[in-house]
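What follows is one structure encoded as structure tokens, with my remarks underneath.
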Amino acid sequence: MNKFEYIYLDIENKIKENIYPVGSLLPGETSLATEYNVSRETIRKAQRMLSDNGFIFKKQGHGSIVLDYRRFALPISGLVSYKELSEENNLASTTQVIKNDIIPVPDFILNDVKMSSKEKFIHLIRTRSIAGEVVIIDEDYIRQSIVSEIPNQVAEDSIYQYFEGDLGLEIGFASKEFIGEPADDLDIKYLKIKPEDYTITVKSQVFLKDATFFQYTMSRHRIDRFRFQEFAPRHNRFINP
102 MNKFEYIYLD IENKIKENIY PVGSLLPGET SLATEYNVSR ETIRKAQRML
152 SDNGFIFKKQ GHGSIVLDYR RFALPISGLV SYKELSEENN LASTTQVIKN
202 DIIPVPDFIL NDVKMSSKEK FIHLIRTRSI AGEVVIIDED YIRQSIVSEI
252 PNQVAEDSIY QYFEGDLGLE IGFASKEFIG EPADDLDIKY LKIKPEDYTI
302 TVKSQVFLKD ATFFQYTMSR HRIDRFRFQE FAPRHNRFIN P
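For the sequence shown, the numbering used here assigns the number 102 to the initial residue and increments by one for each residue that follows.
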């Protein structure tokens with residue numbers, strides 16, 4: 102284990118044990134470098150890991166602020182499966198299949214994507230639970246001409262592992278839309294929220310590498326359990342050539 106990884110794990114543990122409470126500042130780089138007998142660059146590497154995993158937020162001029170790590174961090178860009186996110190964040194997560202049916206192509210997909218009205222789709226609804234609490238409802242529409250069926254045991258594990266590993270599909274890219282939406286009946290029933298509450302819904306259209314549309318997903322998140330974060334560099338447009 103590298104020194105910065107050990108420091109990351111030690112500080113992570115101190116945050117979880119409330120030695121560094123939510124909202125407090127971590128000791129400065131110089132102080133931490135002295136405490137762990139390492140260089141400031143090693144401390145910065147550990148802090149980057151803490152930031153990437155949602156434990157701290159580095160605010161210029163203020164230091165590193167301890168975040169509520171119980172709000173799970175989800176990326177804005179990129180196309181990552183829920184299982185991959187769970188494994189990366191060491192989440193004890195379970196998935197339950199609520200619906201797994203074959204249906205005609207929905208009108209809202211026909212309105213957005215050019216295809217035959219005779220096409221069929223797999224309609225898959227699953228709940229995602231962390232520590233026994235449902236925090237996400239995933240609703241997928243998967244083109245049956247590309248994926249003929251999804252066994253429930255696959256749906257409860259990883260459909261992307263099935264798509265890419267078993268079926269050999271080459272998934273290329275997705276377009277994503279983030280929307281705050283009022284709770285619907287599914288949200289009230291499974292997320293245990295009130296009718297006046299909202300969810301953050303991520304709507305995705307997913308395409309194969311040859312730009313063939315094959316999946317539409319609506320992923321509804323409890324707003325008190327997640328945050329969406331992304332590294333966003335600024336490109337100065339005012340520099341004279």
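A virtual CB, placed ideally from N, CA and C, is assigned to each residue, including glycine.
It should be emphasised that the depicted structure is a prediction, and the values quoted were computed from it without experimental measurement.
| Asked | Found |
| --- | --- |
| Measure from the alpha carbon of Lys184 to the alpha carbon of each residue in Tyr107, Ser230 and Pro296, then state which is nearest. | Ser230 |
| Rounded to a whole number of angstroms, what is the C-alpha to C-alpha distance between Phe274 and Asn119? | 40 Å |
| Can you tell me which residues form a DSSP beta bridge with Arg229? | Thr196 and Ile237 |
| Report the option in Ile272, Gln306 and Arg323 whose CA atom is closest to the CA atom of Lys295. | Arg323 |
| Which partner residues of Leu309 appear in the DSSP bridge assignment? | Ile272 |
| Check the C-beta distance from Val198 over to Ile223 and give it rounded, since I have them as a contact under 8 Å. | At roughly 12 Å, the Cβ-Cβ gap does not stay under 8 Å, so Val198 and Ile223 are not in contact. |
| Where does the unbroken alpha helix (DSSP H) through Arg141 begin, and where does it stop? | Arg141 to Asp153 |
| Beta-carbon within less than 7 Å of Leu309's beta-carbon, same chain only, minus the 5 sequence neighbours each way: which residues are those? | Leu270, Glu271, Ile272, Gly273 and Phe315 |
| Taking 9 Å as the cut-off, decide whether the C-beta atoms of Ile260 and Asp241 are in contact. | yes |
| One question on the structure: do Ile116 and Ile144 come within less than 9 Å of each other, judged by their Cβ atoms? | no |
| What three-state label does DSSP hand Gly266 in the structure shown? | helix |
| Closest by CA to Lys104, which one among Val123, Tyr121 and Met150? | Met150 |
| In terms of residues, what are the limits of the beta strand (DSSP E) holding Gln316? | Phe314 to Arg323 |
| Are there 16 or more other CB atoms within 10 angstroms of the CB of Asp311, so buried, or fewer, so exposed? | exposed |
| Could you say which of Phe158, Gln254, Val235 and Val167 lies nearest to Asn201 if we only look at CA atoms? | Gln254 |
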